[in-house]
Amino acid sequence: MAADADNPQRRVPSVDAMLKPLAGAVSRWGHGQVAEQVRSVLSQLRAEISGGASPGVDLPSLCAQVEAALEAREVASLRPVLNLTGTVLHTNLGRASLPAQAIAAVAKVAGTPSNLEFDLDSGQRGKRDSHVEGLICELTGAEAATVVNNNAAAVLLVLNTLAMNREVPVSRGELVEIGGSFRIPEVMQRSNCTLVEVGATNRTHLKDFRQAISEHTALLMKVHTSNFRVEGFTSVVDESELAQLAHEHDLPLVVDLGSGSLVDFAALGLPDEPTAAQSIANGVDIITFSGDKLLGGPQSGLIAGRRDLIEQINANPLKRALRLDKMTLAALAEVLKLYRNPQTLLQELPTLRQLTRPLADIQEQARRLQSAVAALMGPVFEVSVTDCASQIGSGALPVENIPSAALRITPCDAEEARLRELSSSLRHLPLPIVGRLHKGSLWLDLRCLSADADLLDALQPLAEPSA
Ligand SMILES: *Cc1c(COP(=O)(O)O)cnc(C)c1O
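Have a look at this one:
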């Protein structure tokens, strides 16, 4: 047995000895958190000594370790990134960015009581959906509307309300899966209704639906094939014909529009996308669509259509579980209000501004930034300006691309490892930059870059020697 005095473990300071110089940290983070980090640093030190190492044990550097660990815990997990992927509505990057008006409205109601469910005229209980229902009706032509957590929730709630324990015919060409976990057949199952597949993958006719209708049928359903396209020998049933067939049998027609749009995309020079108003005009009884796809608002699901059906939907106990919170309602109302003025909409709503940004503007920005970015990248990379193709994203119009321009960063030695390292170091910047690895280069599609300085400031830490 070694003499106690020679035992290197004895050089490890006590928790109390560490806490004294950490008084400042204790007043900022509280005793509990600091003591926990101290114990963790000390136990690591003991483990290193047991492993035969002889690490330094000076108090100031151990305290600095504790403080660094506490600082690191403070960094928010959810934080902004620069989306230069070229996918405007990137689901993994939070889809639509909100306009300033919506952000201000969120801030207004977040920290104070509001009339969320309180009717200021009568002094009685009000309805939270009342803050957006009128706007949705005005913009879609629907009689009534309600809102929930997202479009997946909207579809679930509509089916569970209107088709529980009954059958729902859907075309085989529309049994889509949206991003992993949302699949029409599985949502049907969870809504407690029975999917009746009609037609074939590539062709479905009105008579297929007619044959599928029985006394067990609850409604007819159409799903927008958001993220794929069947090409070649194809045929889909026209929405207004399907509405007519449904109504002949006293059944509602429900359409999951997916993205859904409140403006005519073709008129904006973008790929065509069905509008909510067209579907209502075609006689669809209930439409559902996302708030944070082409609409450009907060995550939410909009349900609009016949008043009697909306009333049934609102009476479903699941509605409570899927309802929107006050901050989302505040943001959604402001976004919808922007649609009242088509002249300013494209400038004020980030999603539409980004989608309609002229190619020449993006190309010019790329040329302006090229040399500054090249200087920051250093001599091992080549930075060129090149045309590319942006995508709308979120399953909207997957096939169509929008011409755009990118800074293409290529390792001079064509080393794949160097490219991955670059991509990783950009993701670890204080404002992470997310680009796209493609054909041996990192592509920074500038469509969503509003100001040159946003990119240059984000890259600046690369120029500073790391501490
Ligand atoms: C995106 C999409 C959904 C899911 O919408 P979320 O708002 O993401 O929940 C459902 N159906 C279709 C057709 C879609 O495109």
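Numbered continuously in this note's numbering, the sequence shown closes out at residue 468. We treat Cβ as the ideally placed atom computed from N, Cα and C, and that holds for glycine.
Excluding five sequence neighbours on each side, which residues of the same chain lie with their C-beta closer than 6 Å to the C-beta of residue i?
i      : result
LEU463 : LEU377
LEU136 : LEU337
ALA305 : ILE137, THR141, ALA143, ALA146 and ILE288
GLN313 : THR162
ASP7   : none
GLU178 : ARG184
LEU445 : LEU85, ALA407, LEU408 and GLY436
ILE104 : none
LEU427 : ILE434
Report yes if the CB atom of residue i is closer than 7 Å to the CB atom of residue j, and no otherwise.
i      : j      : result
CYS413 : GLU365 : no
SER262 : GLU249 : no
ARG167 : ALA201 : no
LYS338 : SER115 : no
PRO253 : ASP209 : no
ARG448 : SER405 : yes
ILE410 : SER442 : yes
GLY297 : LEU346 : no
VAL238 : LEU207 : yes
THR86  : VAL435 : yes
GLY259 : ALA154 : no
LEU333 : VAL133 : yes
HIS91  : GLY284 : no
ARG129 : GLU139 : no
GLN125 : GLU335 : no
ASN152 : SER280 : no
PRO433 : VAL188 : no
LEU438 : SER425 : no
LEU63  : TRP30  : no
Using a Cβ-Cβ cutoff of less than 7 Å, which residues in the same chain neighbour residue i once the five nearest sequence positions on both sides are dropped?
i      : result
ARG12  : VAL58
ALA3   : Because the pLDDT of ALA3 is 49, which lies under 50, any placement of that residue in the model is unreliable, and the number read from its coordinates should be weighed accordingly. Around ALA3: no qualifying Cβ.
ALA468 : For ALA468, the pLDDT reaches just 43, beneath the cut-off of 50, and the residue's location in the model is therefore unreliable, although a value from the coordinates is still provided. No residues qualify anywhere along the chain.
SER451 : none
PRO186 : LEU176 and LEU196
ASN193 : ASN161, MET165 and ASN166
Can you list, in chain order, the residues of its chain whose CB lies under 8 Å from that of residue i, leaving out five sequence neighbours each side?
i      : result
VAL67  : MET19, LEU23, ALA26, VAL35, GLN38, VAL39 and VAL42
ASN402 : ALA390, SER391 and GLN392
VAL381 : PRO412, CYS413, ASP414 and ARG419
VAL264 : THR276, TYR340, PRO343, LEU346 and LEU353
VAL199 : PRO170, VAL171, SER172, ARG173, THR205, ASP209, PHE210, GLN212 and ALA213
ALA361 : none
PRO56  : LEU46, GLU49 and ILE50
Is it buried or exposed, residue i, if we count other Cβ atoms within 10 angstroms and call 16 or more buried?
i      : result
ALA469 : Any question about residue 469 goes unanswered here, given that the chain covers just 2 to 468.
ALA108 : exposed
ASP17  : exposed
HIS429 : exposed
GLU75  : exposed
ASP1   : It is not possible to answer for residue 1, since the shown part of the chain is limited to 2 through 468.
LEU79  : exposed
ASP257 : buried
ARG358 : buried
MET165 : exposed
ASP388 : exposed
LYS223 : buried
LYS440 : exposed
LEU456 : buried
HIS225 : buried
SER123 : exposed
PHE266 : buried
GLU349 : buried
For residue i, which residues does DSSP report across the bridge?
i      : result
ARG184 : GLU178
CYS389 : SER405
MET222 : VAL255
GLY306 : ALA145 and ILE287
ARG204 : SER236
ASN161 : Beta-bridge pairing links ASN161 to no other residue.
LEU83  : ILE434
LEU319 : None, per the DSSP bridge assignment.
PHE119 : ARG126
LEU445 : LEU408
PRO170 : VAL197
HIS439 : SER442
Quick one: is the Cβ of residue i within less than 6 Å of any heavy atom of ligand 3?
i      : result
ILE214 : With respect to ligand 3, the structure shown offers nothing to examine, as its ligands consist of ligand 1.
Return the Cβ separation of residue i and residue j in integer angstroms, given the expectation that the two are a contact with Cβ distance under 8 Å.
i      : j      : result
PRO351 : THR329 : Not confirmed; about 17 Å, so no contact.
VAL255 : VAL149 : Contact doesn't hold; Cβ gap of about 15 Å is too wide.
VAL89  : LEU356 : 6 Å
LEU163 : LEU310 : 7 Å
PRO170 : LEU221 : 6 Å
ALA106 : ALA331 : 4 Å
ILE50  : PRO9   : 5 Å
ASP293 : LEU370 : 29 Å between Cβ atoms; not a contact.
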